[in-house]
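Each residue of the sequence shown is one higher than the one before, counting from 36 in this note's numbering.
Don't be surprised by glycine CBs; every beta carbon is placed ideally from N, CA and C.
See structure below.
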Amino acid sequence: MDKWIEVKHIMTTDLITADPDETIDAVRHKLIANHIQHIPVVEGKKILGIISKGDIHRMEHHFTLFQSEKALESNRQIFSTILAAEIMTKSLVKLKDTDSATIAVDLFRENMFHALPVVNDKDQLVGMITPIDLLRYAFDDVKAIQR
Numbered sequence: 036m037d038k039w040i041e042v043k044h045i046m047t048t049d050l051i052t053a054d055p056d057e058t059i060d061a062v063r064h065k066l067i068a069n070h071i072q073h074i075p076v077v078e079g080k081k082i083l084g085i086i087s088k089g090d091i092h093r094m095e096h097h098f099t100l101f102q103s104e105k106a107l108e109s110n111r112q113i114f115s116t117i118l119a120a121e122i123m124t125k126s127l128v129k130l131k132d133t134d135s136a137t138i139a140v141d142l143f144r145e146n147m148f149h150a151l152p153v154v155n156d157k158d159q160l161v162g163m164i165t166p167i168d169l170l171r172y173a174f175d176d177v178k179a180i181q182r
């Protein structure tokens, strides 16, 4: 494995994104329908924040104040009014597409990050990278060596 490879060669580029004015209900449906854990919130190509399934899950538990059949309907009403911009994580650590895999690994190891946005030199979102992307790269390389 070339630990100095640039993240642009490893990252996911086919991104599902959310707009800041989308409801949390719409964001949750995107996460579920696309089998993803994180969704960047963007305006054009500029990343404004990230929402994770965990963020939405914590919010569901925060707003469900009672155990009844009405809880589900109450959550639906609440989630149809809260916008992505209101719950997204705004203070982002971003990688540049020219940063090395080593930098990404260090950030994942030293922090509790599960996904990092990748931007180009114009600060435009061009991809996302996760520990899974790095593992795929590392183990695909190992498989090639073993052949």
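**Report entry** Span of the alpha helix (DSSP H) around residue 67
**Finding:** 59-68
Query - At least 3 beta-carbon pairs within less than 8 Å: the stretch 38-51 vs the stretch 154-173 - result: yes
Query raised in the report: What residue from 159, 136, 54 has the CA that sits closest to residue 173's CA?
Result: Among 159, 136, 54, the Cα nearest to that of residue 173 belongs to 136.
Query raised in the report: In the structure shown, what three-state DSSP assignment does residue 79 receive?
Result: coil
Query raised in the report: Quick one: what's got a C-beta closer than 6 Å to residue 43's C-beta in the same chain, skipping five residues either side?
Result: So the qualifying residues of the chain are 132.
Requested in this report: Have a look at residue 118 and residue 56 and give me their C-alpha separation to the nearest angstrom.
Outcome: 5 Å
**Report entry** Cut-off 7 Å between Cβ atoms - residues of its own chain near residue 122, not counting five sequence neighbours on either side
**Finding:** 59, 86, 90, 94
Query raised in the report: Helix, strand or coil: which one does DSSP assign to residue 91?
Result: It is helical.
Report task. Determine the direct distance from the alpha carbon of residue 111 to that of residue 69, and round the result to whole angstroms. Result -> Roughly 20 Å between the two C-alpha positions.
**Report entry** Three-state secondary structure (DSSP) of residue 167
**Finding:** helix
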